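Residue numbers (our numbering): 83 to 174.
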């Protein structure tokens with residue numbers, strides 16, 4: 083679902099979270115993207131910079147967790163499927 087939404091996940095080998103690159107959506111600020119994502123798409127992610135001692139190393143990343151129920155993951159996937167269209171129309 084993340085690939086289909088254009089998020090290009092960096093798939094972990096043994097964790098229940100994933101980091102995705104937000105640059106294709108025109109964002110260079112992970113906090114702004116996380117806020118926009120909740121407001122416009124209804125899906126929450128954690129700004130990638132939260133996980134780096136040098137915050138600038140994660141400012142192009144968002145982290146998602148997938149330790150959720152299948153129904154909740156399906157709903158998130160349906161919402162993320164609209165991501166590209168919404169990012170193209172964002173107001174900043």
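Idealized CB from N, CA, C, for every residue including glycine. Being a predicted model, the structure only gives us computed values, none of them experimental.
Buried versus exposed, by CB contacts within 10 Å (16 or more), residue 152:
Taking the chain shown and counting its residues from 1, the one referred to as residue 152 is at position 70. With fewer than 16 Cβ atoms within 10 Å of its Cβ, residue 152 is classed as exposed.
Residue 113 lies in the alpha helix (DSSP H); which residues open and close that run?
In the chain shown, residue 113 corresponds to position 31, counting from 1. It spans 112-118 - the alpha helix (DSSP H) in which residue 113 sits, taken as one unbroken run.
Identified DSSP bridge partners for residue 128:
In the chain shown, counting from the first residue as 1, residue 128 sits at position 46. Paired residue(s): 145.
Please state whether the Cβ-Cβ distance between residue 128 and residue 114 is less than 8 angstroms.
Counting from one through the chain shown, the residue named residue 128 turns up at place 46. Counting from one through the chain shown, the residue named residue 114 turns up at place 32. Contact: no.
Got a sec? Which residues, its chain only, sit under 7 angstroms from residue 124 by beta carbon, not counting five neighbours each side?
Position 42 of the chain shown holds residue 124. Once the five neighbours on either side are set aside, the close Cβ partners of residue 124 are 161.
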